[in-house]
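To start, the structure itself, in structure tokens.
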Amino acid sequence: MDWRESGYLYLWQFLMDALRVGRREAKQLETQVSLVCPKVGITGQVIPAQLPAAREAMAEGAISTDHVTRIAKTVAAVPHQHADQVEADLAELAREFNPAQLARLGKRMVDALNPDGHEPADPTVVEAQNILDLQEREDGSLKGWFELGAETAAVLRPLLSSLTAPQPGDDRTLSERQGDALAEVIRFAADSGKAPMEGGERPHIAVTVSLETLQTAIGKATLDDARWMTPEQARRFACDAEIIPVVLGGKSQPIDIGESKRLADKRLRRALAIRDRGCAAPGCERTPNQCHAHHIQHWADGGPTRLDNMVLVCQFHHRLIHHAGWTVHMDNGLPVFTRPAWTRPAA
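In full-length UniProt numbering, the protein residues as written are 1 to 347.
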């Protein structure tokens, strides 16, 4: 299984369930993978490993993961033109010295090659108050960075504070909690009814997909901007959405458009919040307003939109149900989750 197709957002999340290791160990493994394994670019080209000499030594069993971490830290601190030679030299030295000794040798290299350190930023440069730099990935996700002036930051902080507080059993890092909180703020803004108009409508996600595609998982769904998503992604969106039925003619021309109908209305969501008290997945502490209303038997497959066929799940666990083989069923009126076989210990 390619972990990118499993529904997990990050490799370390996949490794936690696949190897049944803790968060820290999984993140260490993810870091090692990024350093010593080649990657495949968007166009299919192979991108060499960041540390090829360390990769070779590690494959021979001559050095440890701690050695690789020390090598990476040193290589990042030397001028770019010396990086390849420093990496090769350290990989060879790592065969003789332990990680602590290697770190001291690496520091000597840094002091010799970059004695003045990195050039300080020019304090006279006047920066813009608010900056947002976004880059879109092939799968439609975004990455980037932003800077906010003091006034805007003062508005954002209280919006995030209540959403970033760690909950019991919450093992997310601060940066991950802040990222999830920002996602919630974006959703609140989109749902507020005060967002700016575009094309005569408030911001929304419009997904066009045939009932047959939803039922068979063959084909694709289309967004308004011509981007597309898989049937399983469309099914996940459709769990807790407004549905507008459209009847098409023989040439796919609309001949009748029905009224918008929200599947999980306010009354049903309130009942789900009382029963599930947030994400129903074991160990998850996400609150009801941070959850989606998931159909246990999907409505496209004839599943009813009612309490005994619905469950609250956060965005992360919703992805696992639709993409990673997790299942949920009702037992005595309560939802019960089952992990996929590949995450369970072998008998």
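Glycine is no exception: its CB is placed at the ideal position from the N, C-alpha and C atoms. The structure presented is a predicted model; accordingly, all values stated were derived computationally and were not measured.
Fill in: V313 burial status per 10 Å Cβ neighbour count (16 or more: buried)
buried
Worksheet item: Can you tell me whether V155 is buried or exposed, with buried defined as 16 or more other CB within 10 angstroms of its CB?
Response: exposed
Item to complete: Please decide whether A62 counts as near chain D, where near means a Cβ-Cβ distance under 8 Å.
Response: The structure shown contains no chain D, having only a single protein chain.
Item to complete: Consult DSSP for P335 and reduce its assignment to one of helix, strand or coil.
Response: strand
Worksheet entry | Where E87 sits in the DSSP three-state scheme | helix
Discussion item. Using the Cβ count rule (16 or more neighbours within 10 Å means buried), how would you classify V125?
Written reply: Low local confidence applies: a pLDDT of 45 at V125 is under 50, so the model's placement there is unreliable, with the coordinate-based value given in what follows. V125 is exposed by the Cβ-count criterion.
Worksheet item: Who pairs with M310 in a beta bridge, going by DSSP?
Response: H295
Worksheet item: By how many angstroms is the C-alpha of L113 removed from the C-alpha of T230?
Response: 50 Å
Worksheet entry | Own chain residues within Cβ distance below 7 Å of residue 378, not counting five before or after | The requested residue 378 does not occur in the structure, where the chain is confined to residues 1 to 347.
Practice prompt. Reducing DSSP to helix, strand and coil, say where W228 ends up.
Written response: strand
Worksheet entry | Minimum C-alpha distance to S161 - residue among T152, A150, D171, L182 | L182
Item to complete: Counting only the same chain and skipping the five closest in sequence on each side, list residues whose C-beta sits under 6 Å from that of R23.
Response: D171
Practice prompt. Please check the pair Q290 and E184, which I expect to be a contact at CB under 8 Å, by giving their CB distance rounded to whole angstroms.
Written response: 6 Å
Worksheet item: Should H295 and G303 be called a contact, given that it needs their Cβ atoms to be closer than 8 Å?
Response: yes
Worksheet item: Alpha carbon to alpha carbon, what distance is there between V21 and Y8?
Response: 16 Å
Discussion item. Can you list, in chain order, the residues of its chain with a C-beta nearer than 6 Å to that of W228? Leave out the 5 residues immediately preceding and following it.
Written reply: K220, T222
Worksheet item: Is it the case that the Cβ atoms of residue 351 and A234 are separated by a distance below 8 Å?
Response: Residue coverage of the chain in this structure runs from 1 to 347, which leaves residue 351 outside it and unanswerable.
Fill in: Endpoints, beta strand (DSSP E) assigned at residue 350
One cannot answer for residue 350 here, as it falls past the ends of the chain, which runs 1 to 347.
Discussion item. What does the Cβ neighbour count give for A280, buried or exposed, with the cut at 16 atoms within 10 Å?
Written reply: buried
Fill in: Closest residue to R275 among L159, R70, L334, I131 (Cα-Cα distance)
L334
Worksheet item: Cα separation between H317 and P340?
Response: 13 Å
Practice prompt. Return the CA-CA distance between F337 and A273, expressed in angstroms with no decimal places.
Written response: 17 Å
Worksheet item: Buried or exposed: T152, going by 16 or more other Cβ atoms within 10 Å of its Cβ?
Response: exposed
Item to complete: Drop a sphere of 10 angstroms on the beta-carbon of L11, count the other beta-carbons inside from all chains shown, and report buried for 16 or more, exposed for fewer.
Response: buried
Fill in: Contact belief for T69 with V86 at Cβ below 8 Å, rounded distance in angstroms
Going by Cβ atoms, the distance from T69 to V86 rounds to 15 Å, so no, they are not a contact pair.
Fill in: Close-in-space but distant-in-sequence residues of the same chain around R319 (CB under 6 Å, 5 per side omitted)
G7
Fill in: 8 Å CB neighbourhood of L307 in its chain, flanking five on each side removed
L268, A271, L272, R275
Worksheet item: Are the Cβ atoms of A91 and A57 separated by less than 8 Å?
Response: yes
Worksheet item: What whole-angstrom Cβ distance do V36 and A49 have, given they're in contact under 8 Å?
Response: 5 Å
Worksheet item: Using the beta-carbon count (16 or more within 10 Å), is W326 buried or exposed?
Response: buried
Fill in: Extent of the continuous beta strand (DSSP E) to which Q135 belongs
131 to 136
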